[in-house]
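As structure tokens, the structure follows; a few thoughts come after it.
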Amino acid sequence: MRLKIFLIAVGFMKLQKDIYRLIKKIPRGKVTTYGTIARELKISARSVGQILHRNPDPAHIPCHRVVDRNGRLAENFAFGGAREQYRLLFNEGVKFKDFLHVDLEKYL
DNA sequence: AAGTTGACGACGA
DNA sequence: CTCGTCGCCAACT
238 MRLKIFLIAV GFMKLQKDIY RLIKKIPRGK VTTYGTIARE LKISARSVGQ
288 ILHRNPDPAH IPCHRVVDRN GRLAENFAFG GAREQYRLLF NEGVKFKDFL
338 HVDLEKYL
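Printed below as a string of structure tokens:
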């Protein structure tokens with residue numbers, strides 16, 4: 238049982254590490270897009286979403302700073318939905334056009 | 001082991 | 001801007 242958890246953790250480490258490295262350097266009050274991360278990692282944008290969705294380590298990965306290419310929030314945000322993501326970003330001083338759209342033009 | 005599922009993206013209409 | 005399609009690919013049945 239415990240072993241299983243360990244193995245899963247190790248398995249996640251591969252991509253988690255790469256994504257973590259990119260996401261963690263996002264300055265406060267800024268955001269990035271899935272596509273940007275995807276190109277950096279040489280993987281599909283979809284995979285980035287996939288990996289973040291089944292978020293391996295939400296405590297150490299500021300996934301709320303990741304939006305889609307239109308600056309749109311993820312309505313299916315794993316932790317509390319878009320509402321929660323909105324709140325987190327707002328706390329960092331990110332300006333919004335409306336509930337679901339971040340003010341891009343000044344992302345990472 | 002094979003099929004389904006999406007925090008997406010690009011392109012056309 | 002939205003909507004529909006297709007390509008994408010790791011994770012999950």
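Going by this note's numbering, the first sequence opens with residue 238, and the numbers climb by one from there.
Just so you know, even glycine gets a beta-carbon here, dropped at the ideal spot from N, CA and C.
Please read these numbers as outputs of a predicted model, since none were measured by experiment.
Rounded to the nearest angstrom, how far is the Cβ of residue i from that of residue j, given a contact under 8 Å?
| i | j | result |
| --- | --- | --- |
| S284 | A275 | 7 Å |
| E329 | R258 | Not a contact, Cβ separation roughly 20 Å. |
Taking buried to mean at least 16 other C-beta atoms within 10 Å of its own C-beta, is residue i buried or exposed?
| i | result |
| --- | --- |
| R324 | exposed |
| F316 | exposed |
| Q322 | buried |
| R302 | buried |
| D294 | exposed |
| L326 | buried |
Going by DSSP, what residues sit across from residue i in a beta bridge?
| i | result |
| --- | --- |
| V339 | F333 |
Check your understanding: If we count Cβ pairs, one from each stretch, closer than 8 Å, do we get three or more for the region 326-345 versus the region 302-314?
Key -> Segments in contact, yes.
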